[in-house]
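Presented below is the structure to which this report refers.
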Amino acid sequence: MRISVKVRLNKNESRLEAGESPGSYTAFIKSQPVEGKANAELIKLVKKELKCRKAPRIISGKASKNKVLEV
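Count the sequence shown with the numbering used here and you get residues 947 to 1017, in order.
And the structure:
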């Protein structure tokens, strides 16, 4: 399953909220976008919130605010 995620950085807490359309989410991330820290935190957050067995993969948007993940 693929989901689209809009990432918001430098927030007080990390959380994942459902977006306007099915399969879209907004992620609020504490980390800075330095050396992949924000992407790593995003993957950990999506895995925890969606209760995935395997870690999701970023399909597109590794250096963008809008990402597509394979769950």
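Backbone N, C-alpha and C fix where the C-beta goes; we use that ideal spot for every residue, glycine too. A quick note: this is a predicted structure, and the numbers were derived from the prediction, not measured.
Residues near Y971 in its chain [Cβ-Cβ closer than 7 Å; skip 5 each side]: Within the sequence shown, the letter at position 25 stands for residue 971. Taking C-beta separations shorter than 7 Å and ignoring five residues to either side along the sequence, the partners of Y971 in its chain run I949, V951, L962, E963, A964, G965, following chain order.
Residue(s) in a DSSP beta bridge with E963: Position 17 of the sequence shown, counted from the first residue, corresponds to residue 963. T972.
Contact test: E963 Cβ vs the ligand NAD heavy atom, cutoff 6 Å: You won't find the ligand NAD in this model; it holds no ligand whatsoever.
Euclidean distance between Cα positions of R954 and V1014: Within the sequence shown, the letter at position 8 stands for residue 954. Within the sequence shown, the letter at position 68 stands for residue 1014. Taking the straight line joining both Cα atoms gives about 15 Å.
Identified DSSP bridge partners for K952: Counting from 1 along the sequence shown, the entry for residue 952 is found at position 6. Answer is T972, N1012, bridged to K952.
Residue nearest to A973 in terms of C-alpha spacing, selected from N956, K997, R999, E981: Position 27 of the sequence shown, counted from the first residue, corresponds to residue 973. It is N956 whose Cα lies nearest to the Cα of A973.
Cut-off 7 Å between Cβ atoms - residues of its own chain near K983, not counting five sequence neighbours on either side: Start at 1 with the first residue of the sequence shown, and residue 983 comes out as number 37. Hits under 7 Å: S977.
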